[in-house]
Structures are given as C-alpha cells and as structure tokens.
Amino acid sequence: MSEYSIKELEKLSGIKAHTIRIWEKRYKLISPKRTSTNIRLYSDNDLKKIINISVVNNSGVKISHIAKLTSAKLNELVQGKSSSGEDMASPIDKLVLATAEMNEQLFCKCIDTLEASHGFENVVVHVLYPFLQKLGVLWHTGEITPAQEHFVSNLIRQKLIAAIDRLPLPRGKSKKTILFLPENEQHEIGLLFANYIARKKGHLTYYLGQSVPYKDLKQVVTVHQPDVLITSIVTSLNDDNLEVLLKNLSHDFKKQLVLISGLAVRQFDFSKFKNIRHFDSADMLKSLL
Numbered sequence: 001m002s003e004y005s006i007k008e009l010e011k012l013s014g015i016k017a018h019t020i021r022i023w024e025k026r027y028k029l030i031s032p033k034r035t036s037t038n039i040r041l042y043s044d045n046d047l048k049k050i051i052n053i054s055v056v057n058n059s060g061v062k063i064s065h066i067a068k069l070t071s072a073k074l075n076e077l078v079q080g081k082s083s084s085g086e087d088m089a090s091p092i093d094k095l096v097l098a099t100a101e102m103n104e105q106l107f108c109k110c111i112d113t114l115e116a117s118h119g120f121e122n123v124v125v126h127v128l129y130p131f132l133q134k135l136g137v138l139w140h141t142g143e144i145t146p147a148q149e150h151f152v153s154n155l156i157r158q159k160l161i162a163a164i165d166r167l168p169l170p171r172g173k174s175k176k177t178i179l180f181l182p183e184n185e186q187h188e189i190g191l192l193f194a195n196y197i198a199r200k201k202g203h204l205t206y207y208l209g210q211s212v213p214y215k216d217l218k219q220v221v222t223v224h225q226p227d228v229l230i231t232s233i234v235t236s237l238n239d240d241n242l243e244v245l246l247k248n249l250s251h252d253f254k255k256q257l258v259l260i261s262g263l264a265v266r267q268f269d270f271s272k273f274k275n276i277r278h279f280d281s282a283d284m285l286k287s288l289l
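In the numbering used here, the protein residues as written are 1 to 289.
So, in structure tokens, the structure goes:
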C-alpha cells in the first residue's frame with residue numbers, strides 16, 4: 001500500500017492541492033492520515049477516489065452531488081463516462097486510474113469506446129501520447145512503479161499491433177519501408193505507430209523492432225531494397241554516437257529516404273544529411289511518406 005503527499009496526489013490526479021483540501025474539509029470526501037508533524041498522507045484508495053471524483057466532476061456533475069454518492073455509485077458513474085465517448089481529455093484521468101489499479105478492463109474499455117467514436121489514429125495522437133507524457137513524469141517522480149508502467153505500455157503495444165493487423169496488406173507495386181530501432185534502443189511504441197501510419201498509407205512494411213544490429217539492417221536493406229527507412233531514438237545514444245549513426249545511415253543508404261524521430265534527436269541539426277529527415281508528429285510523417 002503506497003502513501004502520497006498532497007503534492008503527489010495533485011500530480012497524479014490533476015486536481016490542485018488547494019481544491020483537494022476544500023473537498024476534504026467541506027465535503028469529507030477523503031480522510032488522510034496525519035504524521036506526527038501534521039503532514040497529510042493519502043492512501044491508494046484516496047488516490048483512486050480523487051481520480052474518480054475528478055472524472056465525474058469534469059463531466060459536469062457538481063461536487064456537492066458527488067459528495068452524496070456511495071463509492072459503488074461513484075465507480076458506476078466513472079464506468080458510464082468511460083462508455084460515453086464524449087471528449088478526448090478526461091480519458092487521460094481514467095487511464096491513470098487504470099494504471100494505478102493495473103486494471104486492463106477499464107483501460108481497454110476507455111480506449112475501445114474512444115476509437116469507435118474518434119478513430120484509432122486520433123486516439124493515439126490526442127489521448128495515448130499525452131497520457132504517456134504524463135506517465136513519464138509520474139514514473140520519474142516515483143508515483144508510478146516500473147511494474148505499473150510496463151503493464152500499461154504493453155497494453156498500448158498490444159492495441160497498436162492489433163490495429164496494424166486489421167489493416168489490409170498492400171497489393172501490387174507498393175513503396176517499401178523498413179522500420180527499426182538502433183542497438184540498445186527498446187522504446188518501440190512510437191515506431192509501432194509509425195508502422196501503422198506507413199501501412200495505412202499503402203506501404204509494404206518490414207518491422208524489425210527493437211535493438212537491431214547495424215550489420216543486420218544493412219543486410220535487410222540489400223535484400224529488399226526499400227524506399228524508406230524509419231527509426232526512433234529516445235535514450236540509447238549520446239551525441240557522439242548519434243552523429244556516427246546518422247553519418248552511417250546517410251552514407252550507407254544513399255538511395256533511401258531515412259526518417260527519424262524521438263526525444264534524443266529533437267535538437268539535432270539534420271541539414272548536413274541530404275537523405276535524412278526529422279519528424280515529430282503523425283501529420284509530418286504522413287507528409288514525408
């Protein structure tokens with residue numbers, strides 16, 4: 001059972017500490033423990049309740065009404081909001097809750113409902129990416145455990161793979177695209193989404209995945225002669241090694257367009273490489289393919 005300070009509760013729930021104190025004092029919504037120095041400590045159950053309250057309150061239900069609800073009724077309302085598909089912002093709160101609880105049913109219900117009304121690509125761009133950014137902050141500050149982060153990342157990975165599998169295979173003469181991550185790079189959610197976009201554009205894709213040895217990449221390119229290479233670098237390379245990799249990609253694959261994204265390359269100057277382009281959004285990737 002974890003314990004959270006009010007500032008940690010604020011980060012996890014998105015509710016200001018001042019508002020939490022008002023809800024606590026005026027409506028008795030939660031009753032935190034106190035340390036010997038009178039510092040509030042909140043439990044996992046307090047966190048779940050605050051996130052549930054936030055979801056229902058953001059949908060237009062007054063806090064005075066929420067305060068009268070039983071926990072069972074509050075949970076029922078949250079599940080109802082998950083199935084309404086009304087907006088694309090409050091689901092992020094539901095996904096944080098699903099992560100904290102490691103609740104696959106809640107996570108999938110939220111994503112599936114949004115996909116039905118907004119489409120898979122919009123859900124990834126407007127819900128899953130902002131959610132992952134928030135999750136990264138929570139992981140780095142210790143409010144989400146590595147196990148919880150791995151759990152939800154694998155659920156997202158499964159959703160992406162399933163969406164790719166639903167796309168038709170290209171027919172006839174199609175552009176060929178190889179997607180890979182450099183050696184020691186493991187963060188493949190962005191690359192999976194790039195695979196989805198390329199397949200949706202009608203490309204024949206070869207998804208090589210995580211930590212691909214460079215010599216193996218060269219062999220695959222020699223055999224299949226792709227039009228495009230796509231990669232993503234989040235953490236694995238320092239500036240010197242990144243420079244070496246880009247020089248090699250530019251030199252060894254002169255006939256290919258090389259597209260690259262990721263946190264590690266956002267500030268890099270690509271102007272010296274004629275066949276390498278940087279992209280940082282789905283729309284930019286689509287325009288380059």
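We treat Cβ as the ideally placed atom computed from N, Cα and C, and that holds for glycine.
Here the structure is a predicted model, which is why all the values come from computation and not from measurement.
Worksheet entry | Leu204 - containing beta strand (DSSP E), residue span | In the sequence shown, the residue the question calls residue 204 occupies position 204. Looking at the DSSP string, the run of the beta strand (DSSP E) that includes Leu204 is Leu204 to Val212.
Worksheet item: Closest to Ile50 by CA distance: which of Tyr4, Asn38 and Phe193 is it?
Response: Taking the sequence shown and counting its residues from 1, one reaches residue 50 at position 50. Comparing Cα-Cα distances from Ile50 to each of Tyr4, Asn38 and Phe193, the minimum goes to Tyr4.
Worksheet item: For Gly262, does the count of other Cβ atoms within 10 angstroms reach 16, so buried, or fall short, so exposed?
Response: The sequence position of residue 262 within the sequence shown is 262, counting from 1. With 16 or more Cβ atoms within 10 Å of its Cβ, Gly262 is classed as buried.
Worksheet item: Would you call the CB atoms of Leu229 and Phe253 closer than 9 Å?
Response: In the sequence shown, the residue the question calls residue 229 occupies position 229. In the sequence shown, the residue the question calls residue 253 occupies position 253. The answer is yes: Cβ separation under 9 Å.
Worksheet item: Is there contact here, the stretch 92-110 with the stretch 118-136, by at least three beta-carbon pairs under 8 Å?
Response: yes
Worksheet item: Apart from the five residues on each side of it in sequence, which residues of its chain come closer than 6 Å, Cβ to Cβ, to Gln77?
Response: Taking the first residue of the sequence shown as position 1, residue 77 is located at position 77. In the sequence under discussion, the amino acid at residue 77 is Leu, which differs from the Gln named in the question. Val56.
Worksheet item: Which whole-angstrom value describes the C-beta separation of Thr177 and Asp216, a residue pair presumed to lie in contact below a C-beta threshold of 8 Å?
Response: Taking the first residue of the sequence shown as position 1, residue 177 is located at position 177. Taking the first residue of the sequence shown as position 1, residue 216 is located at position 216. Actually they do not touch by this definition, with Cβ atoms about 17 Å apart.
Worksheet item: What is the DSSP secondary structure of Arg40, counted as helix, strand or coil?
Response: The residue you call residue 40 lines up with position 40 of the sequence shown. Looking at Arg40 - three-state DSSP - the assignment turns out to be strand.
Practice prompt. For Lys33, collect the residues of the same chain with a Cβ closer than 6 Å to its Cβ; drop the 5 residues on either side in sequence, then sort them by chain order.
Written response: Taking the first residue of the sequence shown as 1, we reach residue 33 at position 33. Counting only Cβ-Cβ distances below 6 Å, and skipping sequence neighbours, we find Leu41.
Worksheet entry | Span separating the alpha-carbon of Ala17 from that of Gly172 | As a position in the sequence shown, residue 17 is number 17, starting the count at 1. As a position in the sequence shown, residue 172 is number 172, starting the count at 1. Answer to the nearest angstrom: the Cα atoms are 59 Å apart.
Worksheet entry | Inter-residue CB distance, Leu209 and Glu188 (contact presumed, cutoff 8 Å) | As a working mapping, residue 209 is identified with position 209 in the sequence shown. As a working mapping, residue 188 is identified with position 188 in the sequence shown. Residue 209 is actually Gly in this sequence, not Leu. That belief holds up - the Cβ atoms of Gly209 and Glu188 are roughly 6 Å apart, short of 8 Å.
Worksheet item: Are there 16 or more other CB atoms within 10 angstroms of the CB of Ile22, so buried, or fewer, so exposed?
Response: Taking the sequence shown and counting its residues from 1, one reaches residue 22 at position 22. The residue is exposed, with fewer than 16 neighbouring Cβ atoms inside 10 Å.
Fill in: Cα-Cα separation, Glu24 to Ile30
Your numbering for residue 24 matches position 24 in the sequence shown. Your numbering for residue 30 matches position 30 in the sequence shown. Between Glu24 and Ile30, the C-alpha separation is close to 6 Å.
Discussion item. Which complete beta strand (DSSP E) runs does the stretch 200-282 hold, if anything under 3 residues is left out?
Written reply: 204-212, 228-232, 257-261 and 276-278
Worksheet item: Nearest to Val234 by alpha carbon, out of Val123, Tyr207, Ile276 and Phe180?
Response: As a working mapping, residue 234 is identified with position 234 in the sequence shown. Nearest C-alpha to Val234: Phe180.
Item to complete: Between the Cα of Tyr196 and those of Lys286, Pro91 and His251, spot the shortest distance and give me the residue it belongs to.
Response: The sequence position of residue 196 within the sequence shown is 196, counting from 1. It is Lys286 whose Cα lies nearest to the Cα of Tyr196.
Item to complete: Starting from Leu97, trace the beta strand (DSSP E) both ways and give me its first and last residue.
Response: Working through the sequence shown from its first residue, we reach residue 97 at position 97. Looking at the DSSP string, Leu97 is not in any beta strand (DSSP E); the run it does join, the alpha helix (DSSP H), is Pro91 to Glu101.
Discussion item. Let's test the definition: count the other Cβ atoms within 10 Å of the Cβ of Ile39 and tell me whether it reaches 16, buried, or not, exposed.
Written reply: Locating residue 39 in the sequence shown gives position 39, counting from the first residue. That one is exposed.
Practice prompt. Flag Lys272 as yes when its Cβ comes closer than 8 Å to any non-hydrogen atom of the ligand ADP, and as no otherwise.
Written response: The ligand ADP is not among the ligands present in this structure, which contains no ligands whatsoever.
Worksheet item: Between Val223 and Lys175, what straight-line distance do the alpha-carbon atoms span, to the nearest angstrom?
Response: Counting from 1 along the sequence shown, the entry for residue 223 is found at position 223. Counting from 1 along the sequence shown, the entry for residue 175 is found at position 175. Those two C-alpha atoms are separated by around 15 Å.
Worksheet item: Mind checking whether Phe193 and Leu155 have CB atoms under 9 Å apart?
Response: To locate residue 193, count along the sequence shown from 1; it is residue 193. To locate residue 155, count along the sequence shown from 1; it is residue 155. Contact: no.
Discussion item. In whole angstroms, give me the CA-to-CA distance for Ser36 and Lys28.
Written reply: Taking the sequence shown and counting its residues from 1, the one referred to as residue 36 is at position 36. Taking the sequence shown and counting its residues from 1, the one referred to as residue 28 is at position 28. Their Cα atoms are separated by approximately 21 Å.
Worksheet entry | Rounded separation between Pro91 and His126 - CA only | Walking along the sequence shown from the start, residue 91 turns up at place 91. Walking along the sequence shown from the start, residue 126 turns up at place 126. Between Pro91 and His126, the C-alpha separation is close to 10 Å.
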